[in-house]
Every structure is written in C-alpha cells, then in structure tokens.
Amino acid sequence: MVRGLLLDFYGTVVEDDDAIIEAVGARVAAGASRPVGADRVVEEWTREFAAVADGTPFRTLRECATRSLATVMERVGCPGDAARLCAPQFAYWRAPPVRPGTLEFLAGLDLPVCVVSDVDRDDLDAAIAHHGLSFTAVVTSQEVGAYKPAAAMFARGLAALSLDAADVLHVGDSARNDVGGAHAAGIRAVWVNRRGRPPLAKASYEIADLGGLAAVLRAF
Numbered sequence: 001m002v003r004g005l006l007l008d009f010y011g012t013v014v015e016d017d018d019a020i021i022e023a024v025g026a027r028v029a030a031g032a033s034r035p036v037g038a039d040r041v042v043e044e045w046t047r048e049f050a051a052v053a054d055g056t057p058f059r060t061l062r063e064c065a066t067r068s069l070a071t072v073m074e075r076v077g078c079p080g081d082a083a084r085l086c087a088p089q090f091a092y093w094r095a096p097p098v099r100p101g102t103l104e105f106l107a108g109l110d111l112p113v114c115v116v117s118d119v120d121r122d123d124l125d126a127a128i129a130h131h132g133l134s135f136t137a138v139v140t141s142q143e144v145g146a147y148k149p150a151a152a153m154f155a156r157g158l159a160a161l162s163l164d165a166a167d168v169l170h171v172g173d174s175a176r177n178d179v180g181g182a183h184a185a186g187i188r189a190v191w192v193n194r195r196g197r198p199p200l201a202k203a204s205y206e207i208a209d210l211g212g213l214a215a216v217l218r219a220f
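Here it is as structure tokens:
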C-alpha cells in the first residue's frame, strides 16, 4: 500500500535546466583562452558542481553553481563574472515549464505529497507559485543543510508526512540522488527516465513522466 509520495521537482514535476546549462557551457567555451568544447565545459562544470555540493560547509544551490562555474572558467581561461553567467539559470529555477503529464496527474491525485528538492527554498516557492501548484509539504536542501542522496533529506520528507519509509514511494529522475538515495533510506523508488536511457536495475519502477505514475499506484 502507498500512503504518500515523496516527489523530486526539477526533472520530475517541471523540466530541468539542461538547455540553460548547455548555453552557459557554450558561452564559456567561446570566451576561453584555451581550446575547449562546450560539452567539455558542461562536463567539468557538472563535476565541480557535485564536488561543491557534496563538500563542507554546506552551500546553497546558487553558491554551488557560481563557485563551480568560476572554477571551470579559471581553468579554461574564460574571463567574466560567473554569477552573471548563471543569472539565466537562476531565473529558470523560478519559472520552469511543467513536464508532460504533471498537471493531469496532480489534479487526480488523492495522496499527500511532499516535494523533496535539491534547491534553495525561495526559488522553489517561486516555481510552485508560478504554476499555481499545491503540495502537502515541501523540503529543500537549504533547510536540511544537505543534498540528496543524503538520508536526512528523505527523513525530513517522511517526517513532514508523518509516514514511515514502507508507506511511500519516492519519485525522481536522478539515478544517484533519487533512486539511490531513496533505496538507501529504505524507500521504494520510481525512476523518471526522461531521456529514454537504458533501464535502471535498481529502480523499483520506471516511468517517462508523471503521467505514467497513476498506473504504478493502481498496482498497489
């Protein structure tokens, strides 16, 4: 039986910022003094971003973005202000488009939902308000002081719904942060395979978007 949902937000409820990241990568590559492709910039930025997010002290998502991009810019010899280059990304976090199936699924859902998102609270609140969405509870990395797959994120979500791990499904698009983190916390995970990647063995269930989650819930 499923009595509640823990729901990732970016890449699950709304579209993630892939296109913005690619555009920033292209700008950095174009301004670099050393030969480097946009794909390589994005790859290095992603790696540096994860290192900052996983490190100590805890930093907000905006800080993670600017610090990691600044490191890559210095490495490839690209002058400029990392915060200014990240500004379109920050704006996107506040008003991203919803993913296919999201509004229809949420409209027909009668379970309590806690959003568990690696983002700064003000940006998430703005995105939720932008689409007029409503959830039982919201948990962000900024409040917890950690990012998924940290167990504290999932524990806070369960506490917000007053449910146990066996009572919920966690739904998200990251194999590491969502599926891996949920399973480590004893929570069944639904993988949102939004890029059509090969099946993920450790995911309990797989869907392309939230439109497919209704069928998963009916199986219980």
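For the sequence shown, counting from 1, position 202 maps to 202 in full-length UniProt numbering; every step adds exactly one. Ideal Cβ placement from N, Cα and C applies to all residues, glycine included. Source: prediction; values computed, not measured.
Worksheet item: From residue 41 to residue 8, what does the alpha carbon distance come to, in whole angstroms?
Response: 26 Å
Fill in: Local Cβ density within 10 Å of residue 196, reported as buried at 16 or more and exposed below that
exposed
Worksheet entry | Per-residue burial, residue 219 [other beta carbons within 10 Å of its own, 16 or more giving buried] | exposed
Item to complete: Would you kindly report the start and end of the unbroken beta strand (DSSP E) that includes residue 25?
Response: Careful: residue 25 lies outside any beta strand (DSSP E), inside the alpha helix (DSSP H) at 18-31.
Worksheet entry | Validate contact between the segment 172-192 and the segment 138-157 using beta carbons, cut 8 Å, 3 pairs | yes
Fill in: Continuous alpha helix (DSSP H) stretch holding residue 204: start and end
Residue 204 -> no alpha helix (DSSP H), and no H or E assigned at all.
Discussion item. Among 19, 105, 80 and 82, whose alpha-carbon lies nearest the alpha-carbon of residue 171?
Written reply: 105
Worksheet entry | Reduced DSSP secondary structure (H/G/I, E/B, other) of residue 10 | strand
Worksheet item: What's the C-alpha gap between residue 6 and residue 113?
Response: 6 Å
Practice prompt. May I ask which residues mark the beginning and end of the alpha helix (DSSP H) holding residue 197?
Written response: Looking at the DSSP string, residue 197 is not in any alpha helix (DSSP H), and its letter there is neither H nor E.
Worksheet entry | Exposed unless 16 or more other CB atoms sit within 10 angstroms - verdict on residue 11 | buried
Practice prompt. Quick one: residues in its chain with C-beta nearer than 6 Å to the C-beta of residue 3, no 5 flanking neighbours on either side, listed in chain order?
Written response: 163 and 167
Worksheet item: Between which two residues does the beta strand (DSSP E) harbouring residue 140 extend?
Response: 137-140
Worksheet entry | At least 3 beta-carbon pairs within less than 8 Å: the segment 16-27 vs the segment 108-127 | no
Worksheet entry | Euclidean distance between Cα positions of residue 61 and residue 68 | 11 Å
Discussion item. Assuming contact is defined by CB atoms lying nearer than 8 Å, are residue 76 and residue 28 in contact in what I supplied?
Written reply: yes
Practice prompt. Quick one: give me the first and last residue of the alpha helix (DSSP H) that residue 106 is part of.
Written response: 102-107
Item to complete: Alpha carbon to alpha carbon, how far is residue 122 from residue 85? Give it in angstroms, no decimals.
Response: 20 Å
Item to complete: Consult DSSP for residue 183 and reduce its assignment to one of helix, strand or coil.
Response: helix
Worksheet item: What do you reckon, is the C-beta of residue 120 under 7 Å from a heavy atom of the ligand COA?
Response: No copy of the ligand COA appears in this structure; indeed no ligand is present at all.
Discussion item. If the criterion is Cβ atoms closer than 8 Å, does the pair residue 185 and residue 165 meet it?
Written reply: yes
Worksheet entry | Secondary structure of residue 68, DSSP reduced to three states | helix
Worksheet item: Mapping DSSP to helix, strand and coil, what is residue 170?
Response: strand
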